[in-house]
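Beneath this line is the structure, given in structure tokens, with notes to follow.
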Amino acid sequence: MNISALLTSAGINIGLCSVLLLLYSILRKQPGNLNVYFGRRLAQEHLKRHDLSSFVRLVPSPSWILKAWESTEAEILSVAGLDAVVFLRILVFSIRIFSIAAVICMFLLLPLNYYGQEMQHKQIPSESLDVFTIANVKEGSKWLWAHCLALYIISCSACVLLYFEYESIATMRLAHITGSPPNPSHFSVLVRAIPWSTEETFSDSVEKFFTNYHASSYLSHQMIYRTGKVQKLMNDAEKIYKKLVQLKATSIDQNCGPRMIRCGLCGGTSQSLKMYSELQQIENKPDIESSDSIPKEKECAAAFVFFKTRYAAVVASQVLQSSNPMLWVTDLAPEPHDVYWSNLWIPYRQLWFRRIATLLAATVFMFLFLIPVTFVQGLSQLEQLQQMFPFLKSILKKTFISQLVTGYLPSVILQLFLYTVPPTMMLFSAVEGSISRSGRKKSACCKVLYFTIWNVFFVNVLSGSVISQFNVISSPKGIPSQLAKAVPRQATFFITYVLTSGWASLSSEVMQLFSLICNLFYRFILRSKEDLDWIPSFPYHTEVPKVLLFGLLGFTCSILAPLILPFLLVYFLLGYVVYRNQILNVYCSKYESGGQIWPVVHNTTIFSLVLTQIIALGVFGIKDVPIASGFTIPLVILTLLFNEYCRQRFYPVFKNFSAQDLIEMDRQDEQCGRMEEIHQQLLQAYCQFSVTPGDLCEGEDSSEESGANKCSQGSKRGLLNPMLGGLSALRLRDVFTWLSMLITFQEKNPPK
331 MNISALLTSA GINIGLCSVL LLLYSILRKQ PGNLNVYFGR RLAQEHLKRH DLSSFVRLVP
391 SPSWILKAWE STEAEILSVA GLDAVVFLRI LVFSIRIFSI AAVICMFLLL PLNYYGQEMQ
451 HKQIPSESLD VFTIANVKEG SKWLWAHCLA LYIISCSACV LLYFEYESIA TMRLAHITGS
511 PPNPSHFSVL VRAIPWSTEE TFSDSVEKFF TNYHASSYLS HQMIYRTGKV QKLMNDAEKI
571 YKKLVQLKAT SIDQNCGPRM IRCGLCGGTS QSLKMYSELQ QIENKPDIES SDSIPKEKEC
631 AAAFVFFKTR YAAVVASQVL QSSNPMLWVT DLAPEPHDVY WSNLWIPYRQ LWFRRIATLL
691 AATVFMFLFL IPVTFVQGLS QLEQLQQMFP FLKSILKKTF ISQLVTGYLP SVILQLFLYT
751 VPPTMMLFSA VEGSISRSGR KKSACCKVLY FTIWNVFFVN VLSGSVISQF NVISSPKGIP
811 SQLAKAVPRQ ATFFITYVLT SGWASLSSEV MQLFSLICNL FYRFILRSKE DLDWIPSFPY
871 HTEVPKVLLF GLLGFTCSIL APLILPFLLV YFLLGYVVYR NQILNVYCSK YESGGQIWPV
931 VHNTTIFSLV LTQIIALGVF GIKDVPIASG FTIPLVILTL LFNEYCRQRF YPVFKNFSAQ
991 DLIEMDRQDE QCGRMEEIHQ QLLQAYCQFS VTPGDLCEGE DSSEESGANK CSQGSKRGLL
1051 NPMLGGLSAL RLRDVFTWLS MLITFQEKNP PK
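Each number in this note's numbering corresponds to the 1-based position in the sequence shown with 330 added.
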């Protein structure tokens, strides 16, 4: 690829980003799109609608950029929690380190690469991008010492910045634990693998065991009941009920014509909807069901056990409860809104099989993805593409077409295939058996990260440079040299990937295309005047791997192909503004993990640094500069030692709670007389079955959301069946009665 092909790709993406950002600045002012672009503020701050003039609403403005930039970290912490702050810290770290790398590499290494050999240079637009890489430096050149010096500066700067970020985030996590209101999860322990007894129930076994061995600290317990497809079906039935109830408040009867005209919403006539209004009065009739007809709950070998103090709960969660480690397994409970109820009933002995199965499934999926990656790399190699498809020779000879095929299409097609990865990994993480939603999302984040690093970096590098060879890494000793040859050749693809997957994805993120389309469909096709109540949570499992992958590309290409650094820096700066805007206005934090994602970020950054140093080691070996190779080896060792120090110094803060902090918090609550109130709230914090018609939300994770407020509301809805997700028998009967009568009426009145 030459500079003109790169400029073609850059021009397409710049134009696309500019159009989408201008559209966003207009669409966000429209009153009908407030629930799309201000979902969190509408839900939490009760944002008032301001009527703007027609002219102001149609004029784009950059005011949202200034508001996002000027918002403080304390404001984001109070609005979105520590997880959002940690994510933005990733972008801040990336901006700092790649600003340093861009200054050094663009002004020092790029000219050395360009004039690395005595050759007749073409005009800049016709120059190949290879002349800007380290591959253009001749063997044995003394200028390679500049690359070694730049590698030392970048590595040392990254380690220093990582240390201060790790220290700062660890301090913020401690402040989050000690400074926040009493958290029920600090007093609760999840107990699984409760032994079965024919003489007593699981509940009796739990009470007997903890009264016997934790008599001084045991408070109470709550059993977990098995949920599955029945629970999901009942939730779906309840959603149908809610939709039917909403029909009464809409203006569909007014918009629908006479009996012969069909309604666009459900296909029924206006008379069928009037009939529904009459049928809805059934709800006011007394319940003819009796409590004896409700089947009893089915207990599982799992329970939440509540303790009187935080310290007692943490000790119980970490101590081996039985001589058999497969019985009475304890873990510190997640927050009430973070509990993933569907996985709590899974037998503990089954978890190891699920983890192995998901690991194998993720590995198979990773290797199956080699097919589209190989196809994409075939597009980037124009000569091989012409040999495989001779009929394309005449088309590919055109300058614009060849630039489009080699500079834009490969990364676009790869990005389309990558859209299938996050939902697949979320499914694997759910099957794996995570007990919390944050744990499931963190597991999916790691899977997506490993997947993208392997397929986007390693597979593209190795298959792109030696696409016709199968034994790429026949021996471990040859890995540095193979990567040293391959990475500079694939630097052009990585630059275009940053443009398409980075810049374009940020503009589509701020546009919220999916939510916008759903909102338009809801308003103009279904003709509903009510706003959508679905508020998304921040997709950490997709955005964190994306940012870390770009960091990996920046580190590995910094001294090899420094031309990528300006494009990366623009991505991180734009991402910093876009994500701040989305966190403040769009996404709603449904649970808090306390910055648990940062150790993953730290380890990935260390991996990127070590990989960069290993590739540089191979480059110096190929270029016949053994002294520079010798100076690189201590850098690898020092980086690994730095990582080990951070693991010993900071990582325990993210893994465990300190006894000092817990005991101080317990003493403070006891002195203030709050402990009894905490114990009372604790008994109502974890409510497994709390889905009611008025409380049901359609957003992610809300179908099983629990809490004392929903428990108290659920008790007022009539006779609740715990096996049916808190759904009253009368309302369940009404749902199916209404549906059957509507269907019967439709059959008697077919469309003419």
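Here a beta-carbon is modelled for each residue, glycine too, at the ideal position from N, C-alpha and C.
F868 is positioned such that its CB atom lies closer than 7 angstroms to that of Y917. Sequence-distant Cβ neighbours of Q842 in its own chain, meaning closer than 7 angstroms and more than five residues away, are V366, Y367, V916. Of the candidates N513, F897, L890, L890 places its Cα closest to the Cα of L474.
When Cβ pairs closer than 8 angstroms are counted between the two stretches, the region 634 to 649 is seen to touch the region 515 to 534, the count reaching three or more. With a 10 Å radius around the Cβ and a threshold of 16 neighbouring Cβ atoms, M756 comes out buried. If you check the CB distance, L440 and P390 do not come in under 7 angstroms. Check the Cα spacing between G881 and each of A958, S923, T782, P810: the tightest is with T782. Looking only at A632, P753, V874, the smallest Cα-Cα distance to N673 is reached by A632. As summarised for the region 753 to 799, the continuous alpha helix (DSSP H) elements at least 4 residues long and confined to that stretch are 767 to 782, 790 to 795, given in chain order. Taking the C-beta atoms as reference points, F980 is found no nearer than 7 angstroms to I425. Take W394, set aside five residues on each side of it, and the residues of its chain with a beta-carbon closer than 7 angstroms to its own are S355, R358, N911, in chain order. Rounded to whole angstroms, the gap between the alpha carbons of G345 and W833 is 11 angstroms.
Per DSSP, the beta bridge partners of S550 are F636. As DSSP reads the structure, Y555 sits in a beta bridge with E629. The region 405 to 478 contains, as complete alpha helix (DSSP H) runs of 4+ residues, the segments 412 to 434, 440 to 444 (chain order).
Counting only residues of its own chain and dropping the five nearest sequence neighbours on each side, S647 has a CB closer than 7 angstroms to the CB of V519, T660, D661, L662. Three or more beta-carbon pairs drawn from the region 979 to 997 and the region 920 to 940 are found closer than 8 angstroms, and the two stretches are therefore classed as touching.
About 6 angstroms separates the Cβ atoms of L336 and I825, confirming a contact at the 8 angstroms cut-off.
For I894 and Q1001, the gap between their C-alpha atoms comes out near 59 angstroms. Annotated three-state conformation of R1004 is coil, per DSSP. Within the region 332 to 374, the complete alpha helix (DSSP H) segments at least 4 residues long are 333 to 357, 364 to 367, 369 to 374, listed from N- to C-terminus. Positions of the alpha helix (DSSP H) runs, each at least 4 residues long and wholly inside the region 862 to 925, are given as 870 to 888, 894 to 915 in order along the chain.
Under the DSSP definition of a beta bridge, R522 partners with A632, V659. Contact between the region 400 to 407 and the region 845 to 857 is absent, with fewer than three C-beta pairs closer than 8 angstroms.
Straight through space, the alpha carbons of I701 and L792 are spaced by roughly 14 angstroms. About 16 angstroms separates the CB atoms of L504 and D996; that is not less than 8 angstroms, and the two are not in contact. For I855, no alpha helix (DSSP H) encloses it, and the DSSP letter there is neither H nor E. Here DSSP, grouped into helix, strand and coil, assigns V751 to helix.
The shortest CA-to-CA distance from M553 to any of I809, L657, T501, K628 is the one to K628. Restricting attention to K815, L968, V415, the CA atom closest to the CA of Y496 is found in V415. For V669, the three-state secondary structure derived from DSSP is strand.
In this structure, the alpha-carbon of A1015 lies about 11 angstroms from that of P664. The shortest C-alpha to C-alpha distance from I427 to any of S471, I483, L388 is the one to I483. The beta carbons of S759 and S773 sit closer together than 7 angstroms. In this structure, the straight-line span from the alpha carbon of C1017 to that of L549 is close to 17 angstroms.
Under the three-state reduction of DSSP, Q842 is assigned to coil, being neither helix nor strand.
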